[in-house]
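Novice: Residue numbers (our numbering), protein chains in the order written: chain A, 1 to 284; chain B, 1 to 288. Backbone N, C-alpha and C define an ideal beta-carbon position, used for all residues, glycine too. All values reported here derive from a predicted model rather than from experimental measurement. Structure below; questions to follow.
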Amino acid sequence: MDTIMEATKVSFSYDEAPEAPLVLDDISLTVRQGEFLAVLGHNGSGKSTLAKHFNAILLPQKGRVVVGGMDTADEEKLYDIRQTVGMVFQNPDNQIVATIVEEDVAFALENMGVPPAEIRRRVDDALRSVGMYEYREHAPHQLSGGQKQRIAIAGIIAMRPRCIVLDEPTAMLDPRGRAEVMKTLRELNREHGITIALITHYMDEAAQCDRVVVVDRGKLLMDGLPREVFSRVEELKAVGLDVPQVTELMHSLRRAGLPVREDIITEEECAEELCRLLGKGGTA
Amino acid sequence: MTAIRTEHLTHTYSPNTPFQKVAVEDVSIAIEEGEYVGVIGHTGSGKSTLIQHLNGLLAPTSGKVFIGEEDLWADKAKLRSFRFAVGLVFQYPEYQLFGETVYSDIAFGPTNMGLTPDEVDSRVRQAARFVGLTEEKLQKSPFELSGGQKRRVAIAGVLAMDPRVLILDEPTAGLDPKGRDKILGEIREYHQEKKNTILLVSHSMEDIAKNATMALVMNQARLFCYDRVEEVFGRGEELSRMGLAVPQVSRVFLSLAKRGIPIDPRVYTVEAARDEIIRCVKEGRQGK
Chain A
1 MDTIMEATKV SFSYDEAPEA PLVLDDISLT VRQGEFLAVL GHNGSGKSTL AKHFNAILLP
61 QKGRVVVGGM DTADEEKLYD IRQTVGMVFQ NPDNQIVATI VEEDVAFALE NMGVPPAEIR
121 RRVDDALRSV GMYEYREHAP HQLSGGQKQR IAIAGIIAMR PRCIVLDEPT AMLDPRGRAE
181 VMKTLRELNR EHGITIALIT HYMDEAAQCD RVVVVDRGKL LMDGLPREVF SRVEELKAVG
241 LDVPQVTELM HSLRRAGLPV REDIITEEEC AEELCRLLGK GGTA
Chain B
1 MTAIRTEHLT HTYSPNTPFQ KVAVEDVSIA IEEGEYVGVI GHTGSGKSTL IQHLNGLLAP
61 TSGKVFIGEE DLWADKAKLR SFRFAVGLVF QYPEYQLFGE TVYSDIAFGP TNMGLTPDEV
121 DSRVRQAARF VGLTEEKLQK SPFELSGGQK RRVAIAGVLA MDPRVLILDE PTAGLDPKGR
181 DKILGEIREY HQEKKNTILL VSHSMEDIAK NATMALVMNQ ARLFCYDRVE EVFGRGEELS
241 RMGLAVPQVS RVFLSLAKRG IPIDPRVYTV EAARDEIIRC VKEGRQGK
């Protein structure tokens, strides 16, 4: 697979004094086209700062970030970079600009000079894919936080970027809203090949991704399949993170001396394993 | 004694307009003093509208709200005192900070209550202690603090009014697991020490399972149930159908029980699940 985003030995500090603490400390990360990547890390770990480097909101003080073959430090490419990598933030109130839902989703397209008929089609598609089509003529301030976030995601989807970076997009959503957003992201990833980089605190969301990276103190601490990363229960807890409940259950059963697998991350696997343990052979 | 009671509470937004919406419909509930209540419901279920009635931020379209034995809306002159009695911490309360220092921000509420400077001072320090803010932080500008710390300042500002009922609307939204556990731990200690009534609105059933004694579930503007936590979580399938996130281990145990494994499906924490599995394994061995 082609590389879509690549950070090479990136260091960054919000304070320019030489002794200021580094938020990103010589970090390197390669994301391939078509990946569905989860980025984990506690608040202050540097994961949001890293995300902002991928569409040139922040520029590295040391090192280099390349997006779709473009160096983010190249100012002339700024529009192309932002169109290649769309970003969705945690708080939808800071992302909504228009007074009518469909106008908000159309905002970027109008700026990009997309023909009106094409705008209409893309806006409708984007709103349907986030389950907000019936709200297209509502005012955003009348919507709940979760609904507003789906509008913000629709605004990005409408631009048809190659990659979407989402910084805790589900933090304000209820379980149904979270599930809908995750389903939308999976469809965008599988059916349209859009690369997704999802920053989240929800371990069950990370467990649904293809790859999980853990950022701690501005460095890459872990990088692997969800199953590999989550089996490192103690290390994750040591950096203030959780594991899915089913993984934790297996871990605590093993510590109690029971012979169960430790690389379990889904409910189905957990149920099968417990059936086996309790002597029902996992069928019936 | 009852801390808060509603009688046939109904609230309609934008009545007589095309956007008319019944957000809360015929809710009657009595919350006893000293309970720790988890409030659950998906977006649009009416839970935020409901809690905004409990300190008079919203007035019922019909029905009544009682604080203790007093009708909240019987005498508008008393409304102010009810707002001191029922403290409400909104979602993302850190956006509401305005004081020049952390101290002055926390002191705002108790000062408005007309307390003496000495009383205000002791309230501020006690509230700061509950949320783990150090003396040094009190003199800083709230805007110099991290997100989690700002949220603690905002919560302390409500605690400092020493409300009889404390309502928190998703106090852990957006925090990482460590920050979430810390704030919930602080609220738990506050509850144990003060023995007041707490309503915690949360989408996380795990958080409610670990903290609350009672659970209040709203669904489509109506009260679905108000009962002890274990009873409510025992209705896992109904909750799932409402779009609520039943804890992972509960779902696993429900599926095990359906396959005929003799297991108690009413677990919702990892610890209880572990103990139940160990019990089952031991019984299986004895049976052989």
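1. Contact criterion: CB-CB distance below 8 Å. Does B/L133 meet it with respect to chain A?
2. Could you check if B/H191 is buried or exposed, using at least 16 other CB atoms within 10 Å of its CB as the buried criterion?
3. Quick check on the burial criterion: 16 or more other C-beta atoms within 10 angstroms. Buried or exposed for A/E102?
4. What are the residues of the region 228-260 of chain A that lie near chain B, defined by any Cβ-Cβ distance shorter than 8 Å?
5. At a CB-CB cut-off below 9 Å, which residues of chain A make contact with B/G44?
6. Below 8 Å, how does it come out for the region 58-73 of chain B and the region 112-119 of chain B: are there three or more Cβ pairs, yes or no?
7. Counting only Cβ pairs nearer than 7 Å, list the residues of chain B close to A/G177.
8. Closer than 8 Å, Cβ to Cβ, to anything on chain A: give me those residues from the region 66-79 of chain B, in chain order.
9. Report yes or no: is there a C-beta of chain A within less than 8 Å of the C-beta of B/P177?
10. Go ahead and pull the three-state DSSP assignment for A/T3.
11. Just the C-alpha distance for B/D26 and B/Q220, rounded to the nearest angstrom, thanks.
12. Nearest to B/D289 by CA position, among B/P110, B/V246 and B/P265, is which residue?
13. Report buried or exposed for A/T283, applying the criterion of at least 16 other Cβ atoms within 10 angstroms of its Cβ.
14. Which runs of the alpha helix (DSSP H) fall wholly inside the region 117-144 of chain B and span at least 4 residues, in chain order?
15. Quick check on this structure: which residue in A/M70, A/I265, A/P175 and A/V23 has the alpha carbon closest to the alpha carbon of A/S231?
16. Where does B/H53 sit, in a helix, a strand or coil, going by DSSP?
17. Counting only the same chain and skipping the five closest in sequence on each side, list residues whose C-beta sits under 8 Å from that of A/V246.
18. Answer yes or no: do B/M218 and B/S45 have a C-beta to C-beta separation smaller than 8 Å?
19. Inspect the beta-carbon positions of B/M214 and B/V229 and report whether they are closer than 8 Å.
20. Using a cut-off of 9 Å between C-beta atoms, extract the partners of A/V43 located in chain B.
21. Thinking A/M250 and A/V239 are a contact (beta carbons under 8 Å), I'd like their distance in whole angstroms, please.
22. Which residues in chain B have a C-beta closer than 9 Å to the C-beta of A/Q329? List them in chain order.
23. Given this structure, state the Cα-to-Cα distance separating A/V233 from A/T200, to the nearest angstrom.
24. Measure the beta-carbon distance from A/T184 to A/S129 and round it to whole angstroms, keeping in mind my assumption that it falls under 8 Å.
25. Classify B/M1 as helix, strand or coil using the three-state DSSP reduction.
26. Out of curiosity, what's the CA-to-CA distance linking B/Q248 and B/R274?
27. Please identify, using Cβ separations under 7 Å, the residues of the region 243-255 of chain B that lie next to chain A, in order along the chain.
28. If you drop the 5 nearest sequence neighbours on each side, which residues of the same chain put their C-beta closer than 6 Å to that of B/A107?
29. Short of 6 Å in beta carbon distance, which residues of its chain neighbour B/V102, apart from the five on each side in sequence? Order them along the chain.
30. Taking Cβ-Cβ distances below 8 Å as the criterion, which residues of the region 263-282 of chain B are in contact with chain A?
31. So with Cβ pairs under 8 Å, would you call B/G284 a contact of chain A?
32. Closer than 6 Å by C-beta to B/K234: which residues in its own chain qualify, once you throw out the five before and the five after it? Chain order, please.
33. What would DSSP say about A/A284, mapped onto helix, strand or coil?
34. Could you tell me the distance, in whole angstroms, from the CA atom of A/A207 to the CA atom of B/A127?
35. In the DSSP assignment, the beta strand (DSSP E) including A/T195 goes from what residue to what residue?
36. Would you say A/A17 faces chain B, with C-beta separation under 8 Å as the test?
Specialist: Taking the coordinates as given:
1. no
2. When all chains shown are included, B/H191 counts as buried.
3. buried
4. G240, L241, D242, P244, Q245, V246, E248, L249, S252, L253, A256 and L258
5. Neighbours of B/G44 in chain A, taken as residues at a C-beta separation under 9 Å, are given in chain order as S144, G146, Q147 and D174.
6. no
7. T43, listed in chain order.
8. none
9. yes
10. strand
11. When rounded, the distance between both Cα atoms is 11 Å.
12. Since the first and last residues shown for chain B are 1 and 288, residue 289 of chain B lies out of range.
13. Bear in mind that the predicted position of A/T283 carries a pLDDT of just 41, short of 50, making it too unreliable to give a figure here.
14. 117-130 and 135-138
15. A/I265
16. helix
17. I264, I265, T266, E267, E269 and C270
18. yes
19. Closer than 8 Å, so yes.
20. The sequence shown places Asn at residue 43 of chain A, not Val. Neighbourhood of A/N43 in chain B, by CB distance below 9 Å: S146, G147, G148, G174, L175, D176, K178 and G179, in chain order.
21. Between A/V239 and A/M250 the Cβ distance is about 20 Å, and since that is not below 8 Å, they are no contact.
22. Here chain A covers residues 1 to 284 and nothing more, so residue 329 of chain A does not appear.
23. 17 Å
24. Right, the Cβ-Cβ distance comes to about 5 Å (below 8 Å), so this counts as a contact.
25. coil
26. 13 Å
27. G243, L244, A245, P247, Q248, V249, R251, V252 and S255
28. V120 and V124
29. K137, L138, K140, P142 and V153
30. I263, V270, E271, A273, R274, I277, I278, C280 and V281
31. yes
32. It is Gly, not Lys, that sits at residue 234 of chain B in the sequence shown. Within the same chain, and ignoring the five residues on either side of B/G234 in sequence, the residues whose Cβ sits closer than 6 Å to its Cβ are R266.
33. Note on A/A284: pLDDT 38, under 50, position unreliable in the model; the coordinate value appears next. Three-state result, A/A284: coil.
34. Computed Cα separation, rounded: 38 Å.
35. T195 to I199
36. no
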